[in-house]
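J.: Quick one: the structure is below, questions incoming.
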Amino acid sequence: MANKLTIALPKGKLFQPSIEILAQAGLNTAGFSDSARTLVFEDTTNNTRFIICRPTDIPTYVEHGAADLGIVGKDSIIEAGKNLYELLDLKFGFCRFVVAAPAKSLDAQGKFPWKQGMRIATKFPAIANEYLQKKGMQAEIIKLHGNVELAPRVNLSEVIVDIVSTGKTLKENDLVPLEEIGQASARLIVNRASYRLKAAGINRLVTSLKKILLEGGE
Amino acid sequence: METEKICAIPAGMRDWLPEEAYLKRDITNELLNKIALWGYAEIMTPVLEYYQVLTKVEEESGPDHLYKLIDRDGSILALRPEMTTPIARIAGGKLQGKPPWRLMYGAQVFRYENIQAGRQREFNQVGVELIGQKGPEADCEVLALAIAALKSIGLENFTVSLGHMGVLKGLLESLSWEDKDLAKVRSLVLEKDFVGLRHFFEKAGLESKRQEQLLELLTQPIAVSDITQLMSGLPACLRTALAELQEILALLDNYGYSSYIQLDLSTLRSQTYYTGMVFEIYTAGIGYPIGGGGRYDKLLRRFGRDYPATGFALGIERLLMSLPKKEKPAKPVLLTADGLGASKARMVEEAGLLRINGQTVVLEFRAMNKAQAQELARDKNAELIWFSEVKKCGE
Numbered sequence: 001m002a003n004k005l006t007i008a009l010p011k012g013k014l015f016q017p018s019i020e021i022l023a024q025a026g027l028n029t030a031g032f033s034d035s036a037r038t039l040v041f042e043d044t045t046n047n048t049r050f051i052i053c054r055p056t057d058i059p060t061y062v063e064h065g066a067a068d069l070g071i072v073g074k075d076s077i078i079e080a081g082k083n084l085y086e087l088l089d090l091k092f093g094f095c096r097f098v099v100a101a102p103a104k105s106l107d108a109q110g111k112f113p114w115k116q117g118m119r120i121a122t123k124f125p126a127i128a129n130e131y132l133q134k135k136g137m138q139a140e141i142i143k144l145h146g147n148v149e150l151a152p153r154v155n156l157s158e159v160i161v162d163i164v165s166t167g168k169t170l171k172e173n174d175l176v177p178l179e180e181i182g183q184a185s186a187r188l189i190v191n192r193a194s195y196r197l198k199a200a201g202i203n204r205l206v207t208s209l210k211k212i213l214l215e216g217g218e
Numbered sequence: 001m002e003t004e005k006i007c008a009i010p011a012g013m014r015d016w017l018p019e020e021a022y023l024k025r026d027i028t029n030e031l032l033n034k035i036a037l038w039g040y041a042e043i044m045t046p047v048l049e050y051y052q053v054l055t056k057v058e059e060e061s062g063p064d065h066l067y068k069l070i071d072r073d074g075s076i077l078a079l080r081p082e083m084t085t086p087i088a089r090i091a092g093g094k095l096q097g098k099p100p101w102r103l104m105y106g107a108q109v110f111r112y113e114n115i116q117a118g119r120q121r122e123f124n125q126v127g128v129e130l131i132g133q134k135g136p137e138a139d140c141e142v143l144a145l146a147i148a149a150l151k152s153i154g155l156e157n158f159t160v161s162l163g164h165m166g167v168l169k170g171l172l173e174s175l176s177w178e179d180k181d182l183a184k185v186r187s188l189v190l191e192k193d194f195v196g197l198r199h200f201f202e203k204a205g206l207e208s209k210r211q212e213q214l215l216e217l218l219t220q221p222i223a224v225s226d227i228t229q230l231m232s233g234l235p236a237c238l239r240t241a242l243a244e245l246q247e248i249l250a251l252l253d254n255y256g257y258s259s260y261i262q263l264d265l266s267t268l269r270s271q272t273y274y275t276g277m278v279f280e281i282y283t284a285g286i287g288y289p290i291g292g293g294g295r296y297d298k299l300l301r302r303f304g305r306d307y308p309a310t311g312f313a314l315g316i317e318r319l320l321m322s323l324p325k326k327e328k329p330a331k332p333v334l335l336t337a338d339g340l341g342a343s344k345a346r347m348v349e350e351a352g353l354l355r356i357n358g359q360t361v362v363l364e365f366r367a368m369n370k371a372q373a374q375e376l377a378r379d380k381n382a383e384l385i386w387f388s389e390v391k392k393c394g395e
């Protein structure tokens with residue numbers, strides 16, 4: 001029990017690549033699924049337990065030590081604002097944070113007419129706020145839980161801050177990216193106490209993941 | 001609105017009800033008693049200090065985490081966020097005799113920051129400061145004392161993560177970058193954002209071999225026996241720091257405490273006043289350190305007397321979360337009578353005898369029949385002694 005590792009895996013689009021890279025690192029992830037009812041899987045040979053959670057909850061599980069390690073997008077880490085150790089960039093699940101506005105709102109030069117006091121719809125209020133601070137602008141941030149691209153169409157907001165991987169959703173909703181404000185990819189995070197108390201097991205996993213990333217990357 | 005607030009307390013504050021308060025008091029006393037056996041004398045300072053005193057110690061002026069208020073004469077006051085600075089202020093003028101001074105405290109401190117696991121905005125610390133003594137002997141003493149104190153309250157499964165400020169300082173100096181960038185590197189190491197650190201190195205155009213070397217040094221686990229070998233390839237400043245750690249660890253071996261130590265050169269504390277060895281203590285199940293400390297040789301000079309110093313603080317609330325459940329206070333005795341002639345003097349005498357032997361006694365003069373007395377005893381979880389007329393009857 002004492003040295004058993006618990007790893008939190010994200011449901012959704014990061015799930016498949018997560019279990020693939022862990023399988024490459026020698027863990028037994030056969031039969032794992034994020035759509036089954038089971039939320040806990042065991043790999044008894046490697047003394048490891050996996051729990052499957054919503055991506056936005058993973059920082060919380062790891063912060064409190066309910067999981068020693070977690071795989072989660074940088075976007076969720078920033079938004080959670082938790083004190084977590086970020087060990088590795090796993091180099092999948094790439095996406096960009098962009099500010100986007102309806103194509104028809106651009107002026108003749110293709111510029112967006114920024115005005116003070118505009119409304120920004122987003123799933124990522126912390127990131128949107130940081131962007132505004134940096135720009136020295138004031139705007140009202142409207143927090144949504146999904147389908148942010150809808151907001152400008154129904155006049156809920158003038159602009160949006162959202163995460164984009166291919167840009168298809170933006171295009172389909174006649175939105176154009178104005179500015180990229182950051183990038184995100186999947187990260188391996190660790191609980192601060194586990195990082196010390198289970199150092200041996202964690203270092204073993206990190207070393208083999210590093211090796212996989214290096215070989216895959218070249 | 002007003003009526004709702006009458007029973008509420010501000011965010012980040014909490015009440016301690018009898019059983020919780022008992023455990024907190026108990027653990028605080030146990031720690032202080034243990035520490036006192038090492039020759040440390042208790043010191044107390046005011047909860048309110050001048051804002052300038054508390055901010056005198058931080059090099060950069062960022063947003064602080066102080067609770068502030070304005071005194072009636074217009075000066076800014078703040079609630080102390082830790083005890084090291086107030087004690088440094090005292091060492092600057094009021095301490096009698098010659099160094100070294102061994103001081104300890106158990107006190108509540110206040111930080112206006114996000115509420116974390118096991119830490120509200122008001123929390124309690126037990127700690128020590130060893131003032132006026134340089135060198136690995138003093139650092140070893142403080143480390144050994146922290147470990148001994150934790151063991152004495154029954155904590156076994158913990159790790160002391162030990163580093164040295166000289167390591168990061170040496171690394172930063174070797175980069176010869178602008179202060180702004182160095183501060184960024186420092187905060188990335190403090191947050192253990194190794195991905196961010198790598199990105200930052202890449203953006204700054206640091207050659208990849210150097211990147212690897214730096215990240216390796218900060219992230220690789222280091223065995224004590226590796227230190228000598230590790231030192232050979234490093235700049236002088238880093239070598240000095242590592243040699244110091246080696247000396248501290250050799251001394252600590254005399255206590256047999258080496259197994260609690262884990263060398264981690266990325267160990268940093270959020271306070272910027274540390275200059276030498278630094279450490280953080282971790283235990284299973286809590287994602288934050290339960291204590292930490294280190295050497296701060298340049299803090300006291302800001303208060304007028306240039307003494308080196310070293311110390312630690314333990315977070316009481318976090319310790320309470322990590323300790324195995326302790327037994328509750330011993331059952332009290334409820335001493336009461338039916339009021340049909342039992343002499344009050346006789347009851348007082350009986351209570352006095354029991355109290356001499358350390359038994360907690362609740363003495364109820366008001367008359368109660370046996371059923372009432374039994375019910376009260378059940379509710380207060382007490383042993384009942386009930387007098388009927390003059391005779392003493394057990395339950």
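Chains as they are written, first to last, in the working numbering: chain A, 1 to 218; chain B, 1 to 395. Ideal Cβ placement from N, Cα and C applies to all residues, glycine included.
1. Taking only the alpha-carbon atoms, compute the straight-line gap between N29 (chain B) and G39 (chain B) and give it to the nearest angstrom.
2. Could you check whether P136 (chain B) and E280 (chain B) sit closer than 8 Å to each other, using their CB atoms as the reference points?
3. In whole angstroms, what is the alpha-carbon distance linking T166 (chain A) and K4 (chain A)?
4. For F194 (chain B) and chain A, any beta-carbon pair shorter than 8 Å?
5. Note down, in chain order, every chain A residue with its Cβ under 7 Å from the Cβ of T159 (chain B).
6. Distance check for I52 (chain A) and D34 (chain A), CA to CA, integer angstroms please.
7. Taking C-beta pairs closer than 9 Å, name the residues in chain B that R187 (chain A) reaches, listed in chain order.
8. Determine the DSSP secondary structure at F112 (chain A), reduced to helix, strand or coil.
9. With 16 other CB atoms within 10 Å as the buried threshold, where does E223 (chain A) fall?
10. Quick check on DSSP: helix, strand or coil for Q374 (chain B)?
11. By alpha-carbon positions, which one of B:L384, B:P100, B:S322 ends up nearest to A337 (chain B)?
12. If I'm right that E180 (chain A) touches F97 (chain A) with Cβ under 8 Å, what's the distance once you round it to whole angstroms?
13. What would DSSP say about A78 (chain B), mapped onto helix, strand or coil?
14. Out of curiosity, what's the CA-to-CA distance linking V185 (chain B) and I6 (chain B)?
15. Starting from G182 (chain A), trace the beta strand (DSSP E) in both directions and tell me its first and last residue.
16. May I have the straight-line CA-CA distance separating G256 (chain B) from I147 (chain B), to the nearest angstrom?
17. Using a Cβ-Cβ cut-off of 6 Å (strictly less than) and excluding sequence neighbours within five positions of M13 (chain B), which residues of its own chain qualify?
18. Which residues does DSSP list as the beta-bridge partners of K104 (chain A)?
19. Taking all protein chains shown into account, decide if F365 (chain B) is buried (16 or more other Cβ within 10 angstroms of its Cβ) or exposed.
20. Name the one or two DSSP bridge partners that M277 (chain B) has.
21. Would the region 319 to 332 of chain B and the region 140 to 160 of chain B be scored as touching if the rule is three or more Cβ pairs under 8 Å?
22. N381 (chain B) and K331 (chain B) look like a contact to me (Cβ under 8 Å); what is the Cβ gap, rounded to whole Å?
23. Between E49 (chain B) and K298 (chain B), what straight-line distance do the alpha-carbon atoms span, to the nearest angstrom?
24. Decide if the region 46 to 63 of chain A is in contact with the region 94 to 112 of chain A; the criterion is three or more beta carbon pairs, one per stretch, under 8 Å apart.
25. Check the Cβ-Cβ distances between P221 (chain B) and every residue of chain C, and say whether any is below 8 Å.
26. Is the separation between the beta-carbon of G70 (chain A) and that of A126 (chain A) shorter than 8 Å?
27. Less than 8 Å between the CB atoms is what I'm expecting for N99 (chain A) and V164 (chain A), so what's the real figure, rounded?
28. Assess contact between the region 207 to 227 of chain B and the region 257 to 267 of chain B, defined as three or more Cβ pairs (one per stretch) separated by less than 8 Å. Is contact present?
29. Between B:R89, B:V362, B:D264, B:D26, which has its C-alpha nearest R301 (chain B)'s C-alpha?
30. When you compare only the Cα positions, how much space is there between L31 (chain B) and A284 (chain B)?
31. Grab me the residues of K74 (chain A)'s own chain with a C-beta within less than 7 Å of its C-beta, minus the 5 sequence neighbours each way, in chain order.
32. Any residues in the region 47 to 71 of chain A with a beta carbon nearer than 7 Å to a beta carbon of chain B? Which ones, in chain order?
33. Residues in its own chain within less than 6 Å of S266 (chain B) by CB, not counting five upstream and five downstream?
34. Please report whether the beta-carbon of N191 (chain A) lies at a distance below 8 Å from any beta-carbon of chain B.
T.: Walking through what the data contain:
1. Here the question's residue 29 (chain B) lines up with position 29 in the second sequence. Here the question's residue 39 (chain B) lines up with position 39 in the second sequence. Cα-Cα distance, rounded: 15 Å.
2. By one-based count along the second sequence, residue 280 (chain B) stands at place 280. By one-based count along the second sequence, residue 136 (chain B) stands at place 136. Cβ atoms of E280 (chain B) and P136 (chain B): not closer than 8 Å.
3. Counting from 1 along the first sequence, the entry for residue 166 (chain A) is found at position 166. Counting from 1 along the first sequence, the entry for residue 4 (chain A) is found at position 4. Taking the straight line from one Cα to the other gives about 38 Å.
4. Here residue 194 (chain B) corresponds to residue number 194 of the second sequence, with the count starting at 1. Answer yes: the Cβ-Cβ gap between F194 (chain B) and chain A drops below 8 Å somewhere.
5. Counted from its first residue, the second sequence places residue 159 (chain B) at position 159. Going along chain A in sequence order, the residues near T159 (chain B) (Cβ under 7 Å) are R196, L197.
6. For this step, residue 34 (chain A) is matched to residue 34 along the first sequence. For this step, residue 52 (chain A) is matched to residue 52 along the first sequence. Taking the straight line joining both Cα atoms gives about 7 Å.
7. For the purposes of this step, residue 187 (chain A) is identified with residue 187 of the first sequence, where counting begins at 1. Result: V195.
8. Locating residue 112 (chain A) in the first sequence gives position 112, where the first residue counts as 1. In the structure shown, F112 (chain A) sits in coil (DSSP, three-state: anything other than H, G, I, E or B).
9. Since the first and last residues shown for chain A are 1 and 218, residue 223 (chain A) lies out of range.
10. If you number the second sequence from 1, residue 374 (chain B) lands on position 374. Q374 (chain B) falls in the helix class under three-state DSSP.
11. Along the second sequence, read from residue 1 onward, the residue named residue 337 (chain B) stands at position 337. The option with the nearest alpha carbon to A337 (chain B) is B:L384.
12. Along the first sequence, one-based indexing puts residue 180 (chain A) at 180. Along the first sequence, one-based indexing puts residue 97 (chain A) at 97. With 8 Å as the limit, E180 (chain A) and F97 (chain A) qualify as a contact, their Cβ atoms being about 7 Å apart.
13. Taking the second sequence and counting its residues from 1, the one referred to as residue 78 (chain B) is at position 78. Three-state result, A78 (chain B): strand.
14. Walking along the second sequence from the start, residue 185 (chain B) turns up at place 185. Walking along the second sequence from the start, residue 6 (chain B) turns up at place 6. So the alpha carbons of these two residues sit roughly 47 Å apart.
15. Mapped onto the first sequence, residue 182 (chain A) falls at position 182. From DSSP, the beta strand (DSSP E) with G182 (chain A) extends over 175 to 184.
16. The residue labelled residue 256 (chain B) in the question sits at position 256 within the second sequence. The residue labelled residue 147 (chain B) in the question sits at position 147 within the second sequence. One C-alpha to the other measures close to 11 Å.
17. On the second sequence, residue 13 (chain B) is found 13 positions in, with the first residue counted as 1. Closer than 6 Å at the Cβ level, and outside the excluded window around M13 (chain B), lie E122.
18. Here residue 104 (chain A) corresponds to residue number 104 of the first sequence, with the count starting at 1. The partner list for K104 (chain A) (beta bridge, DSSP) is empty, contrary to what the question assumes.
19. Counting from 1 along the second sequence, the entry for residue 365 (chain B) is found at position 365. F365 (chain B) is exposed by the Cβ-count criterion.
20. As a working note, residue 277 (chain B) is residue 277 in the second sequence. Within the DSSP secondary-structure output, M277 (chain B) pairs in a beta bridge with B:H164.
21. yes
22. The sequence position of residue 381 (chain B) within the second sequence is 381, counting from 1. The sequence position of residue 331 (chain B) within the second sequence is 331, counting from 1. With 8 Å as the limit, N381 (chain B) and K331 (chain B) qualify as a contact, their Cβ atoms being about 6 Å apart.
23. Position 49 of the second sequence, counted from the start, is the residue given in the question as residue 49 (chain B). Position 298 of the second sequence, counted from the start, is the residue given in the question as residue 298 (chain B). Roughly 21 Å separates the two Cα atoms.
24. Counting Cβ pairs under 8 Å, fewer than three are found: no touch.
25. Of the protein chains in the structure, A and B, none is chain C.
26. The residue labelled residue 70 (chain A) in the question sits at position 70 within the first sequence. The residue labelled residue 126 (chain A) in the question sits at position 126 within the first sequence. No, the pair does not count as a contact, with Cβ atoms beyond the cut-off.
27. Against the first sequence, residue 99 (chain A) aligns to sequence position 99. Against the first sequence, residue 164 (chain A) aligns to sequence position 164. Before going on, a small fix: residue 99 (chain A) reads as Val here, not Asn. 10 Å between Cβ atoms; not a contact.
28. yes
29. Against the second sequence, residue 301 (chain B) aligns to sequence position 301. When only C-alpha atoms are compared, the closest one is B:R89.
30. The residue given as residue 31 (chain B) occupies position 31 in the second sequence. The residue given as residue 284 (chain B) occupies position 284 in the second sequence. Approximately 20 Å, taken between the alpha carbons.
31. In the first sequence, residue 74 (chain A) corresponds to position 74, counting from 1. Contacts found: A184, S185, R187.
32. E63, H64, G65
33. Here residue 266 (chain B) refers to the residue found at position 266 when the second sequence is read from its first residue. So the list reads V189, L218, once near-sequence residues are dropped.
34. Stepping through the first sequence from its first residue, residue 191 (chain A) is reached at position 191. At least one chain B Cβ lies under 8 Å of N191 (chain A).
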